[in-house]
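Engineer:
Protein chains: 4
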Amino acid sequence: MIRIGVIGYGYWGPNLVRNFAETPGLTVAGVADLDPKKLEIVQKRFPGVETTSRFQDLLENKDIDAIAIATPVNSHFELGMAALKAGKHVWLEKPMTETAEQARKLINEAEKRKLVLIVDHTFIYTGAVRKMADLVKSGELGRIHYYDSTRINLGLFQRDANVIADLAVHDFSILDYLLGEQPVAVSAVGTNHFPHTPENLAYITLFYDSGMIAHINVSWLAPVKLRQILIGGSKKMIIYDDLEPSEKIKIYDKGVNFTDDPQKIYEMRVGYRTGDMWAPQLDSSEALRVEGEHFVDCIENGKTPQTSGSLGLRVVELIEAATRSMNEHGRSVEINGSTMYQGRRVA
Amino acid sequence: MIRIGVIGYGYWGPNLVRNFAETPGLTVAGVADLDPKKLEIVQKRFPGVETTSRFQDLLENKDIDAIAIATPVNSHFELGMAALKAGKHVWLEKPMTETAEQARKLINEAEKRKLVLIVDHTFIYTGAVRKMADLVKSGELGRIHYYDSTRINLGLFQRDANVIADLAVHDFSILDYLLGEQPVAVSAVGTNHFPHTPENLAYITLFYDSGMIAHINVSWLAPVKLRQILIGGSKKMIIYDDLEPSEKIKIYDKGVNFTDDPQKIYEMRVGYRTGDMWAPQLDSSEALRVEGEHFVDCIENGKTPQTSGSLGLRVVELIEAATRSMNEHGRSVEINGSTMYQGRRVA
Amino acid sequence: MIRIGVIGYGYWGPNLVRNFAETPGLTVAGVADLDPKKLEIVQKRFPGVETTSRFQDLLENKDIDAIAIATPVNSHFELGMAALKAGKHVWLEKPMTETAEQARKLINEAEKRKLVLIVDHTFIYTGAVRKMADLVKSGELGRIHYYDSTRINLGLFQRDANVIADLAVHDFSILDYLLGEQPVAVSAVGTNHFPHTPENLAYITLFYDSGMIAHINVSWLAPVKLRQILIGGSKKMIIYDDLEPSEKIKIYDKGVNFTDDPQKIYEMRVGYRTGDMWAPQLDSSEALRVEGEHFVDCIENGKTPQTSGSLGLRVVELIEAATRSMNEHGRSVEINGSTMYQGRRVA
Amino acid sequence: MIRIGVIGYGYWGPNLVRNFAETPGLTVAGVADLDPKKLEIVQKRFPGVETTSRFQDLLENKDIDAIAIATPVNSHFELGMAALKAGKHVWLEKPMTETAEQARKLINEAEKRKLVLIVDHTFIYTGAVRKMADLVKSGELGRIHYYDSTRINLGLFQRDANVIADLAVHDFSILDYLLGEQPVAVSAVGTNHFPHTPENLAYITLFYDSGMIAHINVSWLAPVKLRQILIGGSKKMIIYDDLEPSEKIKIYDKGVNFTDDPQKIYEMRVGYRTGDMWAPQLDSSEALRVEGEHFVDCIENGKTPQTSGSLGLRVVELIEAATRSMNEHGRSVEINGSTMYQGRRVA
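Chains as they are written, first to last, in the numbering used here: chain A, 1308 to 1654; chain B, 1308 to 1654; chain C, 1308 to 1654; chain D, 1308 to 1654.
(1) Quick check: Tyr1453 (chain A) and Ala1529 (chain A), are their CB atoms within less than 8 angstroms of each other?
(2) Taking DSSP as the reference, what is the three-state secondary structure of Asp1604 (chain D)?
(3) Around the C-beta of Lys1557 (chain C), are 16 or more other C-beta atoms found within 10 angstroms, so that it is buried, or is it exposed?
(4) Quick one: is Asp1583 (chain D) near chain B, going by C-beta distance under 8 angstroms?
(5) Taking 7 angstroms as the cut-off, does the CB of His1636 (chain C) come closer than this to any heavy atom belonging to the ligand GTP?
(6) Would you say Thr1630 (chain B) lies against chain A (beta-carbon separation less than 8 angstroms)?
(7) The alpha helix (DSSP H) with Lys1557 (chain D) in it runs from where to where?
(8) Within 8 angstroms of any Cβ in chain C, is that where the Cβ of Pro1587 (chain A) sits?
(9) List, in chain order, every chain B residue whose beta-carbon is nearer than 9 angstroms to that of Gly1355 (chain C).
(10) Taking 7 angstroms as the limit between beta carbons, can you name the residues of its chain near Arg1576 (chain D), skipping five residues before and five after?
(11) Could you tell me which residues DSSP pairs with Tyr1453 (chain D) in its beta bridges?
(12) Glu1554 (chain A) versus chain C: which residues are under 7 angstroms apart at the beta carbon?
(13) For chain D, is any of its Cβ atoms less than 8 angstroms away from the one on Lys1557 (chain A)?
(14) Near Thr1378 (chain B), which residues of its chain fall below 8 angstroms by C-beta distance, leaving aside the five closest residues on each side in sequence?
(15) Report the three-state DSSP secondary structure of Glu1447 (chain C) (helix, strand or coil).
(16) Going straight from the alpha carbon of Lys1438 (chain C) to that of Ala1336 (chain A), what length do you get?
(17) In angstroms, rounded to a whole number, what distance separates the CA positions of Leu1448 (chain D) and Thr1504 (chain C)?
(18) Check Leu1513 (chain B) in the structure and name its three-state DSSP category.
(19) Ignore the nearest five residues each way along the sequence and tell me which others in Gly1312 (chain B)'s own chain have a CB closer than 6 angstroms to its CB.
(20) DSSP beta-bridge partners for Ser1615 (chain D)?
(21) Please work out which residues of its chain come closer than 6 angstroms, Cβ to Cβ, to Thr1512 (chain B), disregarding the five sequence neighbours upstream and downstream, and give them in chain order.
(22) Is the shortest distance between the beta-carbon of Asn1524 (chain B) and the beta-carbons of chain A less than 8 angstroms?
(23) Against chain C, does Lys1345 (chain B) count as a neighbour if the rule is that its beta carbon must be under 8 angstroms from one of theirs?
(24) Please list the segments of the beta strand (DSSP E) lying wholly inside the stretch 1355-1398 of chain C, counting only runs of 3 or more residues, in order along the chain.
(25) Assuming contact is defined by CB atoms lying nearer than 8 angstroms, are Asn1524 (chain A) and Thr1630 (chain A) in contact in what I supplied?
(26) Any idea if Met1308 (chain C) is buried or exposed, counting beta-carbon neighbours within 10 angstroms, 16 or more meaning buried?
(27) Note down, in chain order, all residues in the stretch 1359-1393 of chain D with a beta-carbon under 9 angstroms from any beta-carbon belonging to chain A.
(28) Taking the Cβ atom as the reference point for each residue, do Val1470 (chain C) and Ser1541 (chain C) lie within a distance shorter than 8 angstroms?
(29) Apply the 10 Å Cβ neighbour rule to Pro1321 (chain A) and answer buried if 16 or more other Cβ atoms are within range, or exposed otherwise.
(30) List the residues of chain D that Leu1595 (chain C) touches, going by C-beta distances under 7 angstroms, in chain order.
(31) Per DSSP, which residues does Gly1337 (chain C) bridge with? Please list them.
(32) Can you have a look at Thr1250 (chain C) and say buried or exposed, based on whether 16 or more other CB atoms are within 10 angstroms of its CB?
(33) Taking only beta-carbon positions, decide if Glu1506 (chain C) is within less than 8 angstroms of chain B.
(34) Would Gln1465 (chain A) be called buried (16 or more neighbouring beta carbons within 10 Å of its own) or exposed?
(35) Do you know how far the Cα of Asp1549 (chain C) is from the Cα of Asp1590 (chain C)?
(36) How close, in whole Å, do the beta carbons of Ile1626 (chain D) and Val1426 (chain D) come, if the pair is a contact with beta carbons under 8 angstroms?
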């Protein structure tokens, strides 16, 4: 039985505590938060759980094996490093850290101490993303032409992160998981409509050596909530609507037919092919539950998490590059900050 | 009674002929097309209409007052100029011409000869766009923060135009009509997934001095058809879904609430305001019918069309600028090709 | 080439004329209507077509082979009988006649004279209904448990027919075509909310010996338009939404799992099975075109139409029975007016 | 502080406990269930709550003020009566009892002992139903013509109740709350597609003296989940889609226009009126929380619950009448079992 302490009981912390409490192999040993009112809520909902306003109490507790950190991103590095140094396995909320440099230090510290470091990119543990990964990896979609995501809603304005770090972060992790390829450049534009606030709307384009293009539309200022990803392959195409209660994933047997003579594409004007649509049944397990069990498995069996520190780092690198491009009005920024990106660069 | 000849009976020509035939004040006097099979169809559907494979027959016909040109864009300038020189009023399909230079010449020729030149930006004559214009101009939306359009479907691949000229053209005309402001710069990225074909997917961002930002997502390679525009104002927001059979326009009484202290926005984390939604009844007249009647009115009363050559020119300038930016991987391109754009430039 | 005359150019007549004009093997020879303004529209649109206010002119015309009757239902019998007696093949709008007795007389007259009598139950010629029939007949759905249709909208109030004859008529014909079984009893309730008008809202239930149950919800007084049919089989289930632009038919691999012990169904509380959903591509040919070509084929090759007088008669019998039940507040009415219904009766 | 004990921790019990635990003024003092595994879950989740397999322990506990009963309906009467006799206020799940006779006895017992008896018709406490009640009662809809509900899904098959008692029960309570009028007769048809199981599909029609008609379509055997109510008034109409995440209620300014001459309705063929649609913002408080606070208020201040035993009784009477009609193949059954129904009877 892994005993876990949770630091931060704000927006996401309650979900962690509720799920950890019901995950086989996990026990919530304590919750730390600076706000005494939040601790009162914990006591009412989970009378058996220790609460404290000092996160150090959790780190110093010898009975605690792991620490989950659900605080604002600007404290991730400090808290994560302290937890690792206290010999705890670490569950870090996304984005992993404010800078890639911080992420690399956490990865090194965890490796040195043989501790598990998982980054909570929850989407990777959903039935929908796993089904899409199966479809991409099995070749059923053919060559991937594009990935197009719309992730908009009204609020919540963040204090310490722009809309890229808040929302596009999900697409960065999904793209990393789906494809065996890293982008070589990114171009982003965005704006803040209110003075002295982070950008609340952004459009990000990722370029890949293969010709694949990814586009992400994120906003905190939309009248409706949309969570929609289109993936276009040479054989089939996917629509993933995360707000659909069922049939989140629809696979279209549609595409463009080719003859040997490429001129034929437009001579015929209608060179496309349409066929059936298919919505596979998805694993409906709650993603946080799956992720919690995976965390236990990694700790007990020395495995590397599917959302490892390395994946978390690559996501932070993309946030940094996209934010830089946005600050320079969409100038294309190469992604080569680390040796893990190979291949030809775009001009 | 205005007698009109139609050149081109391909994709759009049949719609023109059918609508002109039923528009009060208009009579279809002839149809020209190079394809004899298309002329046979005209004869079967409209037994009273003269058909010819020589467009010159229509220009030389003294009984014809106006010429509608529904051919590929690369013939618009030549045919339009010939029709004007033959003393005919001209109805030109969109985009008006391949180059801004050509558009300017047509405008000058029409002015010199006191002939009406209308560009068929059909959307401007729909009840939905007119309702949105009312809402913008009356101030009901407040200050406009953004315009975000998704205009995607499978096919039709064009031979002589990229997806910007084919689809984003609609947004360029709608933006021009809705706002009293021209963009100062454009950034576009796009790609062609098949060799030797025009770009089939593009993302275009327009920057405005006021801080307004417009984004347009266009594609010929999507598994589903979407026609959705979001407009975010400081007071209210709009969703316009052109595929909705009714309730195309929804107006949301949602926004962000401000206190005197801007820090409050994110301190509260939830600084937004939600209210009712309202879907006004729209004028459901067919847009082409409205436009046809407007064309008659302009000819008979010497008026300038709402979709004049000048509007058509500004749209062509945007297509040129966006295509240039796309060819340079998203570099921000200033829009100052003509004296009609004023104001501060973006860096 | 079959030359056809059309009587009635009101709501549906223009669709007939437009389609017949473009159907290979058919020529529109004349149109009769009492309203001279409607005939003017025909003359403007189809200058070659003879128009007349006397339907007798069409019947007496030796060059005319067939007559289509698109007038109010109370004139169907008289006009249909006159056309048959004039030796013309007959295309009759739905519902076929006001009474089953009239329908039987028309069937007999057509048989005696070896003339084709087709009833325009257009839905039977759509790709959607044909796909559903394939699925039912191939056994892919398993045993059919229920058919549940919602067919509601605002208006159009009819003068000479209640909402059953106007809207449920579609379901009666679809049920007849899909199933190899006739209902044995019908129960209907309905109401007219306005004095001296036909019922504008009705709920009809059809009972079948097999245990199948069909329910039809029709209304002229709904704020939105719905056209939705659910078909539940023991193996699979269908949703047919006729207002969906694509994916009209969705097939769900869902049902109830059985063990040998029927008690298990509710002991487990969750005895159902869920699987993939599948939306097959449908034939998108226009139904009226398909039906027109079928009419020509029946005339030229002596075939019986798929929507024959017999099917039309069975539909009229259901309208009569359902209306009788509705007048008696839902009393179950047996359907045994003709020898074509066999089998056990419900109590 | 009201101390409450909960009997039954099956499907609904956990929702009650979770909500009661967080409702101001309520404390969960104990949970009883026959299944020790369920009690273990309670102990893990709520270490401070007493658990027992004997419901009598809760009744005998002097510190407990109120008892919530969330067991199968066939135990409601016995448990409810025992709780009242032990001097406890009672919260009863719906439907209140198996028979109207039992419901009357509980009402009398509660009145005699001055105890609060609330029936958990949760929908009455939702923002959506309350908004609809406001619209009906304020006269904004005009005269109510019809109520049409579709409440279908796949499973859950019940052991001890048919689909009317399981699903139509919601509509019976909503109708009672919305209208100031009781139905005078009911006609229902339904079927069980599997031997030895309760009816899994039913269609119920309620008749009212005012001419209002209510229809309810319920099923456990549908491939998709629908929760949709249409209410048609003489001035406006409502669609309430409970599965919409926002905009659950849409109000249509549509109807039928009248002239003094009723013949005009169909002479014009289009006698209807269309206008704007409006989706009001709804109170999004969780209904169970609102209901819990209301229960506390009734206990502390001697008020009668909005979902009182009397409302619960009228709902049970409707279930009984509808089930009787269904067993008699749709025969219209009068509702006059109690003196609370007045007015003219239908034939």
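Even for Gly, the Cβ is constructed at its ideal location relative to N, Cα and C.
Structural biologist: With the given structure in hand:
(1) The count along the first sequence starts at 1 and reaches residue 1453 (chain A) at position 146. The count along the first sequence starts at 1 and reaches residue 1529 (chain A) at position 222. With a cutoff of 8 angstroms on beta-carbon distance, Tyr1453 (chain A) and Ala1529 (chain A) are scored as not near each other.
(2) For the purposes of this step, residue 1604 (chain D) is taken as residue 297 along the fourth sequence, with counting starting at 1. Note: Asp1604 (chain D) maps to helix in three-state DSSP.
(3) Residue 1557 (chain C) sits at position 250 when you count from the first residue of the third sequence. Buried.
(4) Against the fourth sequence, residue 1583 (chain D) aligns to sequence position 276. True, the Cβ-Cβ gap to chain B drops below 8 angstroms.
(5) You won't find the ligand GTP in this model; it holds no ligand whatsoever.
(6) Numbered from 1 along the second sequence, position 323 holds the residue referred to as residue 1630 (chain B). Answer no: the Cβ-Cβ gap between Thr1630 (chain B) and chain A never drops below 8 angstroms.
(7) Within the fourth sequence, residue 1557 (chain D) is the residue found at index 250, counting from 1. Boundaries around Lys1557 (chain D) are those of the beta strand (DSSP E), 1556-1559, since no alpha helix (DSSP H) includes it.
(8) Numbered from its first residue, the first sequence carries residue 1587 (chain A) at position 280. With 8 angstroms as the cut-off, Pro1587 (chain A) counts as an interface residue toward chain C.
(9) Sequence index remark: in the third sequence, residue 1355 (chain C) carries index 48 (1-based). Those are Pro1354, Gly1355, listed as they occur along chain B.
(10) By one-based count along the fourth sequence, residue 1576 (chain D) stands at place 269. Note on Arg1576 (chain D): pLDDT 42, under 50, position unreliable in the model; the coordinate value appears next. Counting only Cβ-Cβ distances below 7 angstroms, and skipping sequence neighbours, we find nothing.
(11) By one-based count along the fourth sequence, residue 1453 (chain D) stands at place 146. Bridge pairing for Tyr1453 (chain D): D:Ile1520, D:Gly1539 [DSSP].
(12) If you number the first sequence from 1, residue 1554 (chain A) lands on position 247. What Glu1554 (chain A) touches in chain C: Met1584.
(13) Position 250 of the first sequence, counting from 1, holds the residue named residue 1557 (chain A). No - not a single Cβ of chain D is within 8 angstroms of the one on Lys1557 (chain A).
(14) Working through the second sequence from its first residue, we reach residue 1378 (chain B) at position 71. Once the five neighbours on either side are set aside, the close Cβ partners of Thr1378 (chain B) are Ile1314, Gly1315, Gly1317, Leu1386, Glu1400.
(15) Reading the third sequence from its first residue, position 140 is the one you call residue 1447 (chain C). In the structure shown, Glu1447 (chain C) sits in coil (DSSP, three-state: anything other than H, G, I, E or B).
(16) In the third sequence, residue 1438 (chain C) corresponds to position 131, counting from 1. In the first sequence, residue 1336 (chain A) corresponds to position 29, counting from 1. Spanning the two alpha carbons is a distance of roughly 58 angstroms.
(17) Indexing the fourth sequence from 1 puts residue 1448 (chain D) at position 141. Indexing the third sequence from 1 puts residue 1504 (chain C) at position 197. Each residue's Cα considered, the two are about 22 angstroms apart.
(18) Sequence index remark: in the second sequence, residue 1513 (chain B) carries index 206 (1-based). The answer is strand: DSSP assigns Leu1513 (chain B) an E or B state.
(19) To locate residue 1312 (chain B), count along the second sequence from 1; it is residue 5. Here the set comprises Ala1336, Gly1337, Leu1365, Ile1371, Ile1374.
(20) To locate residue 1615 (chain D), count along the fourth sequence from 1; it is residue 308. Its beta-bridge partners are D:Ile1425.
(21) Taking the second sequence and counting its residues from 1, the one referred to as residue 1512 (chain B) is at position 205. Correct list, in chain order: Ser1494, His1522.
(22) In the second sequence, residue 1524 (chain B) corresponds to position 217, counting from 1. Cβ-Cβ to chain A under 8 angstroms: yes for Asn1524 (chain B).
(23) Taking the second sequence and counting its residues from 1, one reaches residue 1345 (chain B) at position 38. The beta carbon of Lys1345 (chain B) does not come within 8 angstroms of any beta carbon belonging to chain C, so the residue lies off that interface.
(24) Every beta strand (DSSP E) stretch that sits fully inside the stretch 1355-1398 of chain C and reaches 3 residues is listed by chain position as 1357-1359, 1373-1376.
(25) Here residue 1524 (chain A) refers to the residue found at position 217 of the first sequence. Here residue 1630 (chain A) refers to the residue found at position 323 of the first sequence. Not closer than 8 angstroms, so no.
(26) Against the third sequence, residue 1308 (chain C) aligns to sequence position 1. Exposed.
(27) Listed by position along the chain: nothing, the set is empty.
(28) As a working mapping, residue 1470 (chain C) is identified with position 163 in the third sequence. As a working mapping, residue 1541 (chain C) is identified with position 234 in the third sequence. Against a cut-off of 8 angstroms, the Cβ pair of Ser1541 (chain C) and Val1470 (chain C) comes out as no contact.
(29) Position 14 of the first sequence, counting from 1, holds the residue named residue 1321 (chain A). Around the Cβ of Pro1321 (chain A), a 10 Å sphere holds 16 or more other Cβ atoms; the residue is buried.
(30) Position 288 of the third sequence, counting from 1, holds the residue named residue 1595 (chain C). Near Leu1595 (chain C) there are no residues of chain D at all, since even the closest Cβ is about 21 angstroms away, more than 7 angstroms.
(31) Residue 1337 (chain C) sits at position 30 when you count from the first residue of the third sequence. Answer by DSSP bridge pairing, in chain order: C:Gly1312, C:Glu1357.
(32) Because chain C is modelled from 1308 through 1654, residue 1250 (chain C) falls outside the range shown and cannot be assessed.
(33) Taking the first residue of the third sequence as 1, we reach residue 1506 (chain C) at position 199. No, its Cβ sits nowhere closer than 8 angstroms to a Cβ of chain B.
(34) Within the first sequence, the letter at position 158 stands for residue 1465 (chain A). Flag for Gln1465 (chain A) reads buried.
(35) For the purposes of this step, residue 1590 (chain C) is identified with residue 283 of the third sequence, where counting begins at 1. For the purposes of this step, residue 1549 (chain C) is identified with residue 242 of the third sequence, where counting begins at 1. For Asp1590 (chain C) and Asp1549 (chain C), the distance between alpha carbons rounds to 14 angstroms.
(36) Here residue 1626 (chain D) refers to the residue found at position 319 of the fourth sequence. Here residue 1426 (chain D) refers to the residue found at position 119 of the fourth sequence. No, Ile1626 (chain D) and Val1426 (chain D) are not in contact; Cβ-Cβ is about 13 angstroms, not under 8 angstroms.
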